[in-house]
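Chains as they are written, first to last, in the working numbering: chain A, 1 to 175; chain B, 1001 to 1175. Glycine residues also receive a C-beta, built at the ideal position from the N, C-alpha and C atoms.
Protein chains: 2
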Amino acid sequence: MENQIDMKALFSLSYGMYIVSTASEGKLNGQIANAVMQITADPIHITTCLNKENMTCGMIQKSGFFGISVLELDVPMTFLGLFGFKSGRDIDKFADTKYIMGPTGAPLVTDWTLSVFDAKVTNTIELPTHILFVGEIVSASSIKDAKPLTYADYHLVKKGKSPKTAPTFGFNALK
Amino acid sequence: MENQIDMKALFSLSYGMYIVSTASEGKLNGQIANAVMQITADPIHITTCLNKENMTCGMIQKSGFFGISVLELDVPMTFLGLFGFKSGRDIDKFADTKYIMGPTGAPLVTDWTLSVFDAKVTNTIELPTHILFVGEIVSASSIKDAKPLTYADYHLVKKGKSPKTAPTFGFNALK
């Protein structure tokens, strides 16, 4: 087998769509991410991976905690745009957003959300463009019963794009 | 918000279903995993997380490389059982399985598979029960055009169970 990379092959991986949030120096912030998964069951660890250029990434490095909101299928593109294509450097993403405070101090977005949890960072890996965060779950709550938005739905149903800082940048070009 | 953990909240995360494979000391082996994702785009890194009790985990620690096969929706339960509920310590999982050799040396299963890729391990994190592997992609190929099997499909459509070594053990009890 040859040493070639067919990007279409990588886009067959399945993901949900999430808001990853944190708080640092009195500021609340968060971003859309697809790279979130549970990796151990006892104790429960989850992982996410964020681009170093994104404000949320640097804030989690400072705070040492993060929240996750699992987005529902019916979430409107305007809401995804607020958290996915705007920067907390320019606007307060939480000004008109419903959220609850997790025990870690992370603001957990509850708009268009199936469930929320928050975690304390236990390990990090610095990659060339991104930081991978591993955290131990501190709290987890169900918010509503509905279908989750998958990354495939986002591209195929909602015709969504990926910003250049996404781990899977280029996905929309091939779907 | 209280410091409680509702497991149902964690089960709203979305995953695909994969075979993670490797080769070490002349032996080919692999296992079913749901915890696989792409985490960077340039260069391309992926991550997976395997239980230390599973033979594949120890073999990747020795070999330093792993392959991923993205399973299709139509994969039969007998095939999932072979890779998910049997151990390479007892049987040769590759004896009657179609595969190609990736450039790293990982055997890439092509039965019931949408796409395959292989990666060299660049980073690991040791957690209490699991090892998280981060690898840089060496090759990626599309095998067939079909729907991927998601973890939700596995539980809801196929009525599949999770072994006790799964990161998401307990999932089937609540679905």
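Item                                                                                                                                                                                            : Value
Checking 7 Å against the spacing of the C-beta atoms, do Phe85 (chain A) and Gly30 (chain A) come in under that value?                                                                          : no
Counting contacts by CB-CB distance shorter than 7 Å, is Gly1026 (chain B) in contact with chain A?                                                                                             : no
So which residues on chain A does Pro1163 (chain B) lean against when the C-beta distance must stay under 7 Å?                                                                                  : The premise fails here: Pro1163 (chain B) is roughly 11 Å from chain A at the closest Cβ pair, so nothing lies under 7 Å.
Between His1130 (chain B) and chain A, is the shortest Cβ-Cβ distance under 7 Å, so that the two count as touching?                                                                             : yes
Identify every run of the alpha helix (DSSP H) within the stretch 1079-1157 of chain B, keeping only runs that are complete inside it and at least 4 residues long; order them along the chain. : 1151-1156
Please determine, among B:Leu1071, B:Ser1141 and B:Asp1111, the residue with the shortest C-alpha to C-alpha distance to Ala1119 (chain B).                                                     : B:Ser1141
Sort out for me which residues DSSP pairs Cys49 (chain A) with in a bridge.                                                                                                                     : A:Leu132
Within its chain, find whatever has a CB closer than 7 Å to the CB of Val1075 (chain B); leave out the 5 residues flanking it on each side and keep chain order.                                : Trp1112 and Leu1149
Looking at the C-beta of Leu127 (chain A), does it have a partner C-beta in chain B at a distance below 7 Å?                                                                                    : yes
To the nearest angstrom, report how far apart Thr104 (chain A) and Val138 (chain A) are at their CA atoms.                                                                                      : 7 Å
Based on Cα-Cα distance, which residue from A:Leu80, A:Thr97 and A:Pro43 lies nearest to Gln18 (chain A)?                                                                                       : For the record, residue 18 (chain A) in the displayed sequence is Tyr; it is not Gln. When only C-alpha atoms are compared, the closest one is A:Leu80.
Taking Cβ-Cβ distances shorter than 9 Å, what residues in chain B pair up with Gly16 (chain A)?                                                                                                 : Ser1012, Leu1013, Ser1014 and Tyr1015
Which residue or residues does DSSP assign as beta-bridge partners of Ile1039 (chain B)?                                                                                                        : In the DSSP output, where bridge partners are listed per residue, Ile1039 (chain B) has none listed.
State buried or exposed for Gln4 (chain A), treating a residue as buried only when at least 16 other CB atoms are found within 10 Å of its CB.                                                  : exposed
Quick one: which chain B residues come within Cβ less than 9 Å of Lys120 (chain A)?                                                                                                             : Going along chain B, no residue has its Cβ under 9 Å from Lys120 (chain A), so there is no contact; the nearest lies around 11 Å.
Could you say if the stretch 1147-1161 of chain B and the stretch 1063-1072 of chain B meet the contact criterion of at least three C-beta pairs nearer than 8 Å?                               : yes
Go through its chain and collect everything with a Cβ distance to Val1121 (chain B)'s Cβ below 6 Å, but skip five positions before and after it.                                                : Gly1064, Phe1133 and Gly1135
Taking the C-alpha atoms as reference points, what is the distance between Val1116 (chain B) and Lys1027 (chain B)?                                                                             : 19 Å
Within 10 Å of its beta-carbon, does Ser87 (chain A) have 16 or more other beta-carbons around it, so buried, or fewer, so exposed?                                                             : exposed
Within the 7 Å Cβ cut-off, does Leu71 (chain A) reach chain B?                                                                                                                                  : no
Which word fits Val36 (chain A), buried or exposed, when buried means at least 16 other C-beta atoms lie within 10 angstroms of its C-beta?                                                     : buried
Report yes if the C-beta distance between Thr22 (chain A) and Ala106 (chain A) is below 7 Å; otherwise report no.                                                                               : yes
Could you tell me the distance, in whole angstroms, from the CA atom of Leu1174 (chain B) to the CA atom of Ser1162 (chain B)?                                                                  : Here Leu1174 (chain B) scores only 42 on pLDDT, less than 50, and its place in the model should not be relied on; the value that follows carries that caveat. Taking the straight line from one Cα to the other gives about 12 Å.
For Lys52 (chain A), I'd like the list of residues in its chain whose CB is within less than 7 Å of its CB, leaving aside the five on either flank, ordered along the chain.                    : Thr129, His130 and Ile131
Cα separation between Leu108 (chain A) and Lys8 (chain A)?                                                                                                                                      : 33 Å
Applying the criterion that 16 or more other CB atoms from any shown protein chain within 10 Å of the CB defines a buried residue, is Leu1013 (chain B) buried or exposed?                      : buried
Mapping DSSP to helix, strand and coil, what is Lys1027 (chain B)?                                                                                                                              : strand
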